[in-house]
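Here the UniProt record's numbering is used: position 82 in the sequence shown is 82, and no number is missing along the way.
Since the structure comes first, as structure tokens, the remarks are kept for the end.
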Amino acid sequence: MSILALSLTNLTSSTHRSTTTSVSAAARATSVPSQWLSQTPSTSTPPPSTSSDRTLLTSNRSTVIRSNITLLGTVFAAAFGMQLAFDTGSDRVWDSMNRGRQWKDIKQRYIEAAEDDE
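This is the structure in structure tokens:
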């Protein structure tokens, strides 16, 4: 058992004798102070959000996540758009970096050379 676990066990057993035996035993077994185990979670509700706090994805039952088919369609449309944008962008970068070395750039020279030979 580590030193930290031993010190937490000694702390929980000496300072919290008023707690029930089962809570103290659980605290010693898990090396967690018994006051953490005896606390009940708060049931307070968050304050209502204002219209400035609401965005497309955080609003309750927004248009995008109202049903599974709408969410699925939105995801597919976004993926298709991102793929199209990425492919177009990467093709433009590739063409600008390899200008003059691709077949579409030098094809005309070979066609003219073939016509001159005839």
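All C-beta atoms in this analysis are idealised placements derived from N, C-alpha and C, irrespective of residue type, glycine included.
Does the distance from the CB of residue i to the CB of residue j come in under 8 Å?
| i | j | result |
| --- | --- | --- |
| Asp105 | Arg99 | yes |
| Ile65 | Leu72 | no |
Could you check what DSSP says for residue i in three-state terms: helix, strand or coil?
| i | result |
| --- | --- |
| Arg101 | coil |
| Lys107 | helix |
| Arg92 | helix |
| Glu118 | coil |
| Val75 | helix |
| Thr69 | One point to set straight first is that residue 69 is Ile, not Thr, in the sequence displayed. Ile69 falls in the helix class under three-state DSSP. |
| Ala113 | helix |
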